[in-house]
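Beneath this line is the structure, given in structure tokens, with notes to follow.
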Amino acid sequence: YEAPAEENTSVVSSVVENVVKIVNNYKDALNIILRNLKVDAGTSKEDAMNISGTGDVTLELDGKNELISGSSTAGSTRAGLYSRNLDGTLTLTDADKDGGSLTAKGGYSKDYRFASSSGICAKDLSIIDTSITAVGGDVGGSSSSGGTGLSADVLNMTGSSLSATGGSVNNSTDDYSAGGYGLSIGNYDGLKSNISDSHISAIGGNNSGSGKKVVGGMGASIIGTAADSYLIDHVTLLAQGGNAQASGSGN
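As numbered in the working numbering, the sequence shown has no gaps in its residue numbers, which increase by one up to the final residue, 350.
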């Protein structure tokens, strides 16, 4: 969907067999309503929903919405919801406060070493008055890193609940393997994260492997380069690393 200049609201609903691509190069924010939407990229190597452009985009969440990506390959990381190429702000909200939610999951990837799919991969992300679940994709074979639940350069959040879980590594044969990060956020280019009146659960992915170094995923990684990068007020945070189990000789 590419927003025409004279229109800034659209509704996407039911089950979409193909992936969804949204482009907003208009000066005004593009407002899109997701209503009980399920997008499963299946065996493709695509994002379930890809958002790009120069303008802001707001996704109004009605009902239960689910985005599941395809698999990632070398040099091509996929996500249930991908907006790294959006210059504006992506806002996820339930303005009506009627229980609207979004679950975004990364698909399964295999035999591409560090390639894995994320639940949500964003640049400038706002979550307002809603419930978000982001789950990184699992990996296997020679793949060595589970997918990240939610990653963003900057995260603004209020009145919301976020569950971010890293993807698991299943019987990796690589010498080094690590479960996926639950939550990875940072402050770059002078942007600052403001998080208030919210609950965050960040759980690292589990890891089983036969390599020499087998590491559980980190629950939350919060870094940044801006001074006074974070304003956090009335927030509960549960951060828990993933389990690791090594097998074979030399571990």
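From the three backbone atoms N, C-alpha and C, an ideal C-beta is built for every residue, glycine too.
Can residue i and residue j be called in contact, C-beta distance under 8 angstroms?
i      : j      : result
Asn306 : Gly318 : no
Gly235 : Ser215 : yes
Ile121 : Gly179 : no
Gly279 : Gly245 : yes
Ala194 : Glu145 : no
Asn269 : Gly239 : yes
Ser230 : Ser182 : no
Val138 : Gly187 : no
Ser170 : Ser208 : yes
Asp237 : Thr192 : no
Asn130 : Gly154 : no
Ser175 : Ala147 : no
Thr272 : Ser297 : no
Leu336 : Ile299 : yes
Gln339 : Val313 : no
Leu189 : Ile150 : yes
Ala233 : Leu254 : no
Ser309 : Ser267 : no
Is it right to say residue i is buried, meaning 16 or more other beta carbons lie within 10 angstroms of its own, or is it exposed?
i      : result
Ala173 : exposed
Leu201 : buried
Ile322 : exposed
Glu101 : Residue confidence for Glu101 is low, a pLDDT of 45 falling below 50, so the modelled location carries little weight; the figure read from the coordinates is stated next. With fewer than 16 other Cβ atoms within 10 Å, it is exposed.
Gly206 : buried
Sort the options by Cα distance to residue i and report the nearest one.
i      : options                        : result
Asn184 : Ala251, Gly205, Asp197         : Ala251
Ser276 : Asn269, Gly248, Ser243, Leu189 : Ser243
Ser295 : Thr257, Ala343, Ile150, Val253 : Thr257
Gly198 : Asp161, Ala128, Val119         : Asp161
Kindly give me the distance between the Cβ atoms of residue i and residue j, rounded to whole angstroms, as I take these residues to be in contact under 8 angstroms.
i      : j      : result
Leu136 : Asn164 : 5 angstroms
Thr247 : Ser217 : 5 angstroms
Ser283 : Tyr329 : So it is not a contact: roughly 14 angstroms between Cβ atoms.
Lys311 : Asp274 : 5 angstroms
Please tell me whether, using a cut-off of 7 angstroms, the distance from the CB of residue i to the nearest non-hydrogen atom of the ligand GDP is below it.
i      : result
Ala263 : Only the bare structure without any ligand can be found here, which leaves the ligand GDP out of the picture.
Completely contained beta strand (DSSP E) runs for the region 215-292, where each covers 3 or more residues | 217-227, 230-234, 249-257, 260-264, 268-271, 275-277, 282-286
Runs of beta strand (DSSP E) lying entirely within the region 167-206, each at least 3 residues, in chain order | 178-182, 189-192, 200-204
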